[in-house]
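One structure below.
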Amino acid sequence: MSDKKVITRFAPSPTGFMHVGSVRTALFAWLWAKKNNGTFILRIEDTDKEREVEGSIDHIKNSLQWLGLDWDQGPYLQSERLDVYKKYAQILVDKGYAYPDPYTEDEVGEFRNKAELAKKPFLYREHRPKEFSVWDGAKPLRFKVPTVKSFKWNDLVYGDLSAGPEALDDFILIKSNGYPTYNFAHIVDDIEMKVTHVMRGEEFISSTPKFLSVYEALDIAPPFYATLPVILGPDGKKKLSKRDGVKDLLQYKDEGYLPDAFINFLALLGWNPGDDREIFSRADLIKAFNISRIQKSDAQMNARKLDWMNKEHLKLLPPEEIKNKIFECLPENMRNPKLVPIILERISKWGDVKEMVEAGELDFFIQAPKFSKEKLLYKDFLPEAIAKNLQLAIESLEQIDVNNFTEEEVKRNLMQITNTLSSRGELLHPVRFALSGKNKSPDPFIIASILGKNETLSRLQKAI
RNA sequence: GGCCCUAUCGUCUAACAGUCAGGACAUCGGCUUUUCAAGCCGGUAAUCCGGGUGCGAUUCCCGGUAGGGUCACCA
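So this is what it looks like as structure tokens:
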């Protein structure tokens, strides 16, 4: 590899929201730039004004910012660089490698239909005019393939690739409205911006010979290509697309995923460090990242593993930050520090806190539960036996000093009683239920310690 | 249809031709002295098929099969 400064870019079109597929391309380009102390450029490919979606440029920027994929240059807008593309187009015209298309769109469509009927691949160059007129901008400008041949090239991920001559055609460089096509604009920009490594999706492999042919016509060396495998939808079949219910990236933000965890997850989808490490900090990721270990086969999005990974990152956060974040999701009357460990244990992302609140899972911490007494029953123990056990619990807990009503003290006292019983459940279940009103809840000791002596005794009393 | 790419547990993946095919998520079971959660321990689970070259193929070659991509005045 040359000793040139590494320059990578992320070049989305502003046609909608970002999803995990597009953002992973950005991530890999960003990682490679960071690893090499290089430059990461953001470029907006807005050459199709018809398809442009209002607000998507901001959306792209917000998404990258959320993940901390900061760009060193840009965003450049292709729509503001029309003169640059015209300049390069003129160079090709002057060299005899570009010419105005004499046909109308319908006529070209006819050619295409005929080829299809004949079950032959459609190649415009088979209809190339003998004589070229002068390009006045009214007609689309087409590339004239210098030499029709097979291409072989190297891809940093896929290795040696090749394609036959039918991959080559006289494609449109400048549309009749003056805008360049993607095929041409991105080449010009990559040249002008001195991009050294092009990270891109698999769908561009088949058009690479066209790109290479333009570089040849321009007599300029192409950049390194690193083609990334596709991220498949949850069904494992189709490529992720905005149509089939794929999530907007910012939705993950709203659901409370950590940017570092998300990046970690995304990086491991199609790349691995070569050892068993899975949890990476941002810095470690940059250090470990390497193009040569990018996967060739497509990968499927796995939401469960993302949740697991997010939790792993959650646990690494400073306790103070965890507390603050959880408090943010909690109504004011629930902002009790003692609740934090209980909640942390049960969530994988911040949004889960809100869900717990909405599901009423934490209500018993702020108000006494209402329930019918038969819920207190445990296995086949009689109501009288249960009531007696609750009475024992009350008497025992009354002994604890109100200022020392800790989880440990409560547990010691209650466990002492269970030693005299035939089973622990006949005491612990009714106590827990009396305090929480739930079949599934944290253990009675921690609940009691959070409620405090008075509230605990009051709830037990009411249950008898 | 032409051209191109890919193929290891359900999923993400590891394995200079020699490993009992390893790890992680998920799943299942046990422990954690009531439930839930968390944690710990353990189990089930894979080299697409067929040839070839090797003493030896997950690994290299060929052919099939399956999946995907691409053939726009979209990117």
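Take 153 as the starting number for the first sequence in the numbering used here and just add one per residue.
Just so you know, even glycine gets a beta-carbon here, dropped at the ideal spot from N, CA and C.
query                                                                                                                   : result
Outcome for Glu197 when other beta-carbon atoms lying within 10 angstroms are tallied against a minimum of 16           : buried
Whole-angstrom distance between Cys481 and Val505, CA atom to CA atom                                                   : 6 Å
Other residues of its chain near Ser174: CB distance less than 7 Å, five sequence neighbours each side excluded         : Pro164
Residue span of the beta strand (DSSP E) that contains Val245, given as start and end                                   : Looking at the DSSP string, Val245 is not in any beta strand (DSSP E); the run it does join, the alpha helix (DSSP H), is Leu234 to Lys247.
Beta-bridge partners of Ala250, as assigned by DSSP                                                                     : Phe295
Rounded C-alpha distance that separates Leu529 from Pro596                                                              : 16 Å
Ile372, buried or exposed, once every other Cβ within 10 Å from all chains shown has been counted against 16            : exposed
The region 271 to 286 contacting the region 318 to 325, beta-carbon criterion three pairs below 8 Å                     : yes
Enclosing beta strand (DSSP E) for Arg352 [first to last residue]                                                       : His349 to Gly353
With 16 other Cβ atoms within 10 Å as the buried cut-off, status of Leu468                                              : exposed
From Leu370, Arg352 and Pro381, residue whose alpha carbon lies closest to that of Lys296                               : Leu370
Same chain, Cβ closer than 7 Å to Ala440, neighbours up to 5 away in sequence not counted                               : Pro425 and Phe432
Sequence-distant residues of the same chain with beta carbon closer than 6 Å to Tyr240, five excluded per side          : Val340
4-residue-minimum alpha helix (DSSP H) runs that sit fully inside the region 162 to 235, ordered along the chain        : 172 to 187 and 208 to 219
Residues of its chain near Leu380, where Cβ-Cβ distance is below 8 Å and the 5 sequence neighbours each way are ignored : Arg176, Thr177, Phe180, Val309, Met351, Arg352, Gly353, Glu354, Gly422 and Ile446
Whole-angstrom C-beta distance between Lys304 and Ser314, which should lie under 8 Å                                    : 4 Å
Tyr132: first and last residue of the uninterrupted alpha helix (DSSP H) it sits in                                     : Residue 132 lies beyond the range of the chain shown here (153 to 616); nothing can be said about it.
Cutoff 8 Å; reference Leu612; Cβ partners in own chain excluding five residues on either side                           : Leu542, Ala545, Ile546, Leu549, Val583, Ala586 and Leu587
DSSP three-state assignment for Tyr331, whether helix, strand or coil                                                   : coil
Three-state class that DSSP yields for Asp532 in the structure shown                                                    : coil
Cutoff 7 Å; reference Met153; Cβ partners in own chain excluding five residues on either side                           : Here Met153 scores only 48 on pLDDT, less than 50, and its place in the model is too uncertain to base an answer on.
6 Å Cβ shell around Tyr116 - same chain, five flanking residues per side excluded                                       : With the chain covering 153 to 616 only, the question about residue 116 has no answer from this structure.
C-beta contact flag for Pro252 and Trp287 at 8 Å                                                                        : yes
Beta carbon of Thr348 nearer than 8 Å to that of Lys187                                                                 : no
For Ala511, the three-state DSSP class (helix, strand or coil)                                                          : coil
Through-space distance from Val245 to Ser660, alpha-carbon basis                                                        : No answer is possible for residue 660: the residues shown for the chain start at 153 and end at 616.
Alpha-carbon to alpha-carbon, Leu580 and Glu561                                                                         : 15 Å
Nonlocal neighbours in the same chain, by C-beta distance under 6 Å from Lys490, ignoring five residues either side     : Ile602
In DSSP terms, what Gln623 is bridged to                                                                                : Here the chain covers residues 153 to 616 and nothing more, so residue 623 does not appear.
Backbone secondary structure at Tyr377 - three-state DSSP                                                               : strand
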